[in-house]
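Counting from 1 along the sequence shown, just add 108 to a position and that's the residue number in our numbering.
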Amino acid sequence: MSLLVKGGTVVGPTGIRVADVLVEGEKIVAVLDPSFSPTITVDEVLDASGKYVIPGGIDAHTHMELPFGGTAASDTFDTGTRAAAYGGTTTIIDFAVQRTGEVVQDGLAAWHAKADGECHIDYAFHMILGGVDADALKAMDQLVTDEGITSFKLFMAYPGVFYSDDGQILRAMQTARENGAMIMMHAENGIAIDVLVQQALQRGETDPIYHGITRPAALEAEATNRAIALAEVAQDCPLYIVHLSASQALEHVAAARDEGRNVFAETCPQYLYLTLEDQLGAPGFEGAKWVCSTPLRSKHEPHQRDLWKGLRNNDLAIVSTDHCPFCMKDQKELGLGDFSKIPNGIGGVEHRVDLVFQGVVDGKLSLERWVETIATTPARMFGLYPRKGIVQPGSDADLVIYDPNGTTRIGVATHHMNMDHSAYEGVEIKGRVGTVISRGEVIVADGNYHGRKGRGKFLKRGLSSYLM
Ligand code: DUC
Ligand code: ZN
Ligand code: ZN
């Protein structure tokens, strides 16, 4: 099967040009000046004139079916990857989990069992280490060598659940420095946060907004700084701060990067658009929809301005979603009368490509940085490049034809995620995902779905391209 995506404006990390993209089977075989294409015979031609042609989005941070907060994230690998496809994402990297006391490889096997035969798009795994001990350290080597898992997430938050102490973190970083893996860090001081949470509850402060108030920016900044220091002690182990939300944390990342350190960070759309006051502080229990960690930050502080700036200057390398959806009914409701029992998470895997494009429309980001932050850099950061993340010969034919003149209206009535609400209800984006191609197959066209469950392949990943 051959396909010609014709007349589009191909956007890559280093530039923009009108070109035709020739696909044979699952691969891109040529990116051609349009004057060459008339001589080529293909099975199908897709007209992309007036549209952008970009590499399929890579969401490097999702939690399908994650057991968390007394329930489980409401998207399965089936529903979540289908929704991702609708939104122009053709690869996810989900987090397999080693629970405390569990053998790492058993946790990984459980994640394979959840995802195998269910995914609509390609997928890979990071590994959450919930119990760093001698066996887990050995397992890190085995996962890097044999399983294509080259990044490990540790938590400075959630004592008693996923939490690692500084000694455990240092050991995991030393192991990663040796085997080339990336340490991903949930950087919030969970011990201090737990004190603030108990004090708030004792004062009768039980509404969702107190979730944010008890997780102050200073405790994200402190943990970020501590993680950076520990990584320095571990011979500059590669460190990636996940879901960075606060200006003060970004300052630590920027300072480390200015020193030439192997320090990277991502942010998420919720931190670029939503706020403590307007969403988490919504009347009654409504704010529960936006309980996530790190929390939404105050609109009276310059977090969003600084995050966009960080995306422009590469102190923030990637926009991921931290997609971790919970319905209000029976899930978020677990925290009625006690914000600390609200399952933490926001769903957004379907909207990341559009929400970051809105930054282009608003003049906050260039087209090239749009593509870099949603596709190219995730591929490079997590060992998928050049198979994924770029429109060039030899790469997988994962493509999105994006209409800058279209409109996307986000809401529960039209989204495909398994959620009974939308974190972005009523938001209108100037721009629209048109056609989505995954390994040469059109899986979405004009809002209609042509993919199928089970077609997504597990991707073994290599080491980060940014490794020094
Ligand atoms: N934060 C969330 O909001 N949900 C899942 C895990 C996390 O760290
Ligand atoms: Zn986290
Ligand atoms: Zn997460």
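Ideal placement from N, C-alpha and C gives every residue a C-beta, glycine not left out.
Check: What separation, rounded to the nearest whole angstrom, lies between the Cα atoms of glycine 178 and proline 451?
Finding: 7 Å
Margin query: Within 8 Å, do at least three Cβ pairs link the stretch 478–488 to the stretch 434–448?
Written below: no
Next item on the list: Tell me where the alpha helix (DSSP H) around lysine 246 begins and ends.
Entry: 242–250
Check: Between Ala221, Val361 and Tyr532, which lies nearest to glutamate 328 when the distance is taken from Cα to Cα?
Finding: Closest option to glutamate 328, Cα to Cα, is Val361.
Margin query: Let me check one thing: in DSSP terms, what residues is proline 175 bridge-paired to?
Written below: Paired residues: Ala180.
Item checked: Through-space distance from alanine 553 to threonine 543, alpha-carbon basis -> 4 Å
Note to self: Taking only three categories from DSSP, how would you classify tyrosine 231?
What the structure shows: strand
Checklist line | Own chain, CB closer than 6 Å to serine 546, minus 5 neighbours either side, in chain order | finding: Thr198, Ile229 and Asp506
Note to self: With a threshold of 8 Å between beta-carbons, can proline 410 be considered close to chain D, or not?
What the structure shows: The chain inventory of the structure shown lacks chain D, comprising one protein chain alone.
Notebook entry, point to check: From Ser355, Ala242, Thr481 and Leu444, pick the residue whose C-alpha is nearest to that of glycine 392; which is it?
Noted result: Per the C-alpha coordinates, the member of Ser355, Ala242, Thr481 and Leu444 positioned closest to glycine 392 is Leu444.
Note to self: When you compare the CB positions of glycine 115 and valine 126, do they come within less than 8 Å of one another, or not?
What the structure shows: yes
Next item on the list: Within the same chain, show all residues whose beta-carbon is closer than 8 Å to that of glutamate 533, passing over the 5 residues directly before and after it, in chain order.
Entry: Ile518, Gly519 and Val520
Checklist line | For methionine 293, the three-state DSSP class (helix, strand or coil) | finding: strand
Item checked: Exposed unless 16 or more other CB atoms sit within 10 angstroms - verdict on threonine 516 -> buried
Checklist line | Selection from Ala192, Asp141 and Asp167 that minimises the alpha carbon distance to asparagine 526 | finding: Looking at Ala192, Asp141 and Asp167, the one whose alpha-carbon comes closest to that of asparagine 526 is Ala192.
Notebook entry, point to check: Taking buried to mean at least 16 other C-beta atoms within 10 Å of its own C-beta, is glycine 188 buried or exposed?
Noted result: buried
Item checked: Distance cut-off 7 Å: serine 401 Cβ against heavy atoms of ligand 2 -> yes
Margin query: Strictly closer than 6 Å from CB to any heavy atom of ligand 2: give me those residues in the order they appear in the chain.
Written below: Each of His294, Val350 and His351 has a C-beta closer than 6 Å to some heavy atom of ligand 2; these make up the full list, in chain order.
Next item on the list: Mind reading off the beta-carbon distance from valine 371 to leucine 278? Whole number of angstroms is fine, and I expect it under 8 Å.
Entry: That belief does not hold up - the Cβ atoms of valine 371 and leucine 278 are roughly 16 Å apart, past 8 Å.
Check: Exposed or buried, which one is arginine 365 when buried takes at least 16 other CB atoms within 10 Å?
Finding: buried
Check: Taking DSSP as the reference, what is the three-state secondary structure of aspartate 366?
Finding: helix
Next item on the list: Determine the direct distance from the alpha carbon of arginine 369 to that of valine 129, and round the result to whole angstroms.
Entry: 37 Å
Check: How would you label alanine 326, buried or exposed, when you count the other beta carbons within 10 angstroms and need 16 or more for buried?
Finding: exposed
Item checked: Neighbour-count burial assignment, methionine 293, 16 or more Cβ in a 10 Å radius -> buried
Next item on the list: Run through the stretch 459–510 for me and flag every whole alpha helix (DSSP H) of 4 or more residues, listed as ranges in chain order.
Entry: As far as the stretch 459–510 is concerned, its whole alpha helix (DSSP H) runs of at least 4 residues are 460–469, 475–479 and 485–489.
Next item on the list: Starting from glycine 123, follow the beta strand (DSSP E) in both directions and report where the run begins and ends.
Entry: 123–132
Notebook entry, point to check: Heavy atom of ligand 1 less than 7 Å from the Cβ of phenylalanine 260, yes or no?
Noted result: no
Notebook entry, point to check: Does DSSP put serine 145 in a helix, a strand or coil?
Noted result: The answer is helix: DSSP assigns serine 145 an H, G or I state.
Next item on the list: Please classify alanine 396: does DSSP put it in a helix, a strand, or coil?
Entry: helix
Note to self: Could you check if histidine 319 belongs to the surroundings of ligand 3, using beta carbon to heavy atom distance under 7 Å?
What the structure shows: Flag unset: Cβ of histidine 319 not near ligand 3.
Notebook entry, point to check: When DSSP labels each residue in this structure, what does leucine 278 get in the three-state scheme?
Noted result: helix
Margin query: Going by the DSSP bridge assignment, what does glutamine 310 pair with across the sheet?
Written below: Answer is none; glutamine 310 lacks a bridge partner.
Note to self: Tell me the DSSP secondary structure of phenylalanine 203 in three-state form.
What the structure shows: strand
Note to self: Using a Cβ-Cβ cutoff of less than 8 Å, which residues in the same chain neighbour lysine 449 once the five nearest sequence positions on both sides are dropped?
What the structure shows: When the five nearest sequence neighbours on each side are left out, the beta carbons in the same chain lying within less than 8 Å of the beta carbon of lysine 449 are those of Gly177, Gly178, Leu442 and Gly443, in order along the chain.
Item checked: Opening and closing residue of the beta strand (DSSP E) in which leucine 154 lies -> 152–155
Note to self: Tell me which residues share the same chain as aspartate 151 and place their Cβ nearer than 7 Å to its Cβ, disregarding the 5 neighbours each side in the sequence.
What the structure shows: Met109, Ser110 and Leu111
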